[in-house]
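Report on the structure given below.
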Amino acid sequence: MLKIFNSATKKKEKFQVKKNKCMNLYVCGVTVYDLCHVGHARTFIFFDIVVRYFKFLDYKVFYVRNITDIDDKIIQCAKKFKQSIKKYSTRMIKEMKKDLNSLNLLLPTKEPLITEYIFEIIFMIQKLLNKKIAYISENGDVLFKISKFKDYGKFSQCFSNLFNKNFLQKIPVFFQKKNIDFVLWKLQKKKKNEKEIFWNSPWGLGRPGWHIECSAINYKFFPDGADIHGGGIDLLFPHHENERAQSISFQKNSCAYFWVHVGMIIFNNSKMSKSLKNIVTIRYLRKYYTVDVLKYYLLSTHYRRPLNFLEKNLISSKNIMNRIYSVLNLYNFSKVSFKIIFIEQKKFINLFMKALENDFNTPKACSILYKLSKYIKSLYGKNFFLEKYLVFTLLYLGNFLGIFLKFSFKKSLNIFQNCLDSKYYIKNLLKLRNKYRKNKQWDLADDIREKLYKLKIFINDSKFDSEYFF
Ligand SMILES: [Zn+2]
């Protein structure tokens, strides 16, 4: 049973989708004002694993990742480059896609541009105005009145580290006193400037605030709320606090129940920022490291923990990956057709799946891949049949993490399902033992008898075949 840490309840909880075998995922995407960096890579690689995990389990995954293509920073950068906003954002979207493609990520089902959903945004703001949860301020902006959302601030608990527990109860009061209502619609202030983009609305020319975009797009694709709403931890406050307040105020059930946040990347205890000149772009990383090394490195820290970025650790991941590849290169695994399951495979698969089921514990999953490669190496030349199957398992499990994707191999059997089906597993183990017996490979046949014995399964050998009983 999969358990995920839910930022909304601050607990690890059993995860269940709302609709049978359908997983709806919304991840806050990139604001395209600059090149994507290692923080983006970490977040999107993690959600790529979430998608792969559910796909492997035969779920239909609907994955929406928005692109913010209008924003103050984009306008500033476009001005700096003396380009129109549209031209600049189009160019940066191309660059973003180039970078994310270089990470071998599965494409989202939908990648909506904010500027194509202005109608939906206006519709949502209007409804919030009708409900008197939003109001038009003196300067013409439409603002969300946080005092109308009684739990405002509780979701992110953004100040929980600074104050004692009693303060958590007082967070909503704190915010209401502060009067920090946030913008839903920004009215055009200056004279019409050709270089800026504005849309018509019932409240005059303007453009949407950042938070309302995600609420409106979420409602468009998932009117009953997505199963998981995710993003980087830096979005928890104010972005997700505000999104949640808007969505619930708009329509109670239009908000996700599970909120999942990926930890920050830090450098020597400081945040990644332009002013500190410590931004590491995906482009830089891909120039010096393969995608498998990069993924292995990022996934070796649990997604919720802050990751202290150190190039020396990246190099040690590179060394581990080289060792795993040196094992893989010993085999020609493309022709394996997967008909039986060995006890060793089952052991590794179970450990691996348990790690992922425990709030996507990828550091453990990565270490299992490495252990498996070392185990294969220790077997080298001893049992070619088993070795090949284990190599296949290594690749297969690696694929869960989006690693070893360059190896194309035929999945002739759903290894995972069959591994969970113990009857199937025992039957196949027995078949394999019979095969060994027919070939007079008595040692190998005895090995299996012993393994089955440990599982409290006893074998009754007849002249031609074996039967088993519990
Ligand atoms: Zn968002």
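For the sequence shown, the positions run -1 to 468 when my numbering is used.
Note that beta-carbon positions come from the ideal geometry of N, C-alpha and C, so glycine has one too.
All values reported here derive from a predicted model rather than from experimental measurement.
- Between the alpha carbons of phenylalanine 60 and asparagine 22 lies a gap of roughly 5 Å.
- Along the length of the segment 216 to 284, whole alpha helix (DSSP H) runs at least 4 residues long occupy 239 to 248, reported in chain order.
- Annotation: valine 181 to asparagine 327 spans about 56 Å, alpha carbon to alpha carbon.
- By the beta-carbon neighbour count (other beta carbons within 10 angstroms, threshold 16), threonine 7 is exposed.
- Judged by pairs of C-beta atoms under 8 Å, the segment 429 to 442 does not touch the segment 394 to 408, as fewer than three such pairs exist.
- In the displayed model, tryptophan 183 falls within a strand according to three-state DSSP.
- At the C-beta level, lysine 58 and cysteine 34 stay beyond 8 Å of one another.
- Burial is judged here by how many other beta carbons sit within 10 angstroms of a residue's own beta carbon; tryptophan 440 has fewer than 16 and is exposed.
- If you draw a 10 Å sphere on the C-beta of lysine 293, you find 16 or more other C-beta atoms in it, and that means buried.
- With a threshold of 7 Å, the Cβ atom of histidine 38 does not count as near ligand 1, since no heavy atom of the ligand is closer than that.
- Of the candidates Gln124, Tyr51, Phe350, Asp139, Gln124 places its Cα closest to the Cα of phenylalanine 248.
- Where phenylalanine 307 is concerned, there is no enclosing beta strand (DSSP E), because DSSP gives it neither an H nor an E.
- Ranked by how close their Cα comes to the Cα of tyrosine 31, the residues Ile68, Trp208, Phe13, Arg50 have Ile68 in first place.
- Straight-line measurement puts the Cα of serine 245 at about 19 Å from the Cα of isoleucine 134.
- In this structure, the CA atom of leucine 98 is about 26 Å from the CA atom of glutamate 355.
- By the C-beta density criterion, aspartate 56 is exposed, having fewer than 16 other C-beta atoms within 10 angstroms.
- Relative to ligand 1, the beta carbon of cysteine 212 is positioned inside 7 Å of a heavy atom.
- Check the Cα spacing between aspartate 445 and each of Phe456, Ile455, Arg431, Glu118: the tightest is with Arg431.
- In the three-state reduction of the DSSP assignment, isoleucine 65 falls in the strand class.
- Take threonine 107, set aside five residues on each side of it, and the residues of its chain with a beta-carbon closer than 6 Å to its own are Phe60, Tyr61, in chain order.
- Taken from the Cβ of histidine 259, every heavy atom of ligand 1 lies 7 Å or farther away.
- Of all alpha-carbon atoms in Leu367, Gly151, Thr288, the one lying nearest the alpha-carbon of glutamine 343 is that of Leu367.
- Placement of the Cβ of cysteine 26 at a distance of less than 7 Å from at least one heavy atom of ligand 1 is found.
- Here the alpha carbon of threonine 299 sits roughly 10 Å from the alpha carbon of arginine 40.
- Separation of arginine 242 and lysine 152 (C-alpha to C-alpha, rounded to the nearest whole angstrom) is 11 Å.
- Where glycine 396 is concerned, the enclosing alpha helix (DSSP H) starts and stops at 382 to 398.
- Set against 7 Å, the gap from the CB of histidine 300 to the closest heavy atom of ligand 1 is not smaller.
- With fewer than 16 neighbouring CB atoms inside 10 Å of its own CB, methionine -1 falls in the exposed class.
- Cα atoms of lysine 275 and lysine 269: separation of roughly 10 Å, rounded to the nearest angstrom.
- In this structure, the alpha-carbon of phenylalanine 54 lies about 17 Å from that of isoleucine 226.
- The closest CA to that of asparagine 311, considering only Tyr323, Tyr287, Ser324, is found on Tyr287.
- A Cβ-Cβ separation of about 6 Å places serine 371 in contact with leucine 392 under the 8 Å criterion.
- Per DSSP, the continuous beta strand (DSSP E) segment holding asparagine 22 begins and ends at 20 to 25.
- Between the alpha carbons of asparagine 4 and phenylalanine 235 lies a gap of roughly 15 Å.
- With contacts defined as CB atoms closer than 8 Å, proline 206 and isoleucine 112 qualify as a contacting pair.
- The DSSP-derived three-state label of histidine 35 is strand.
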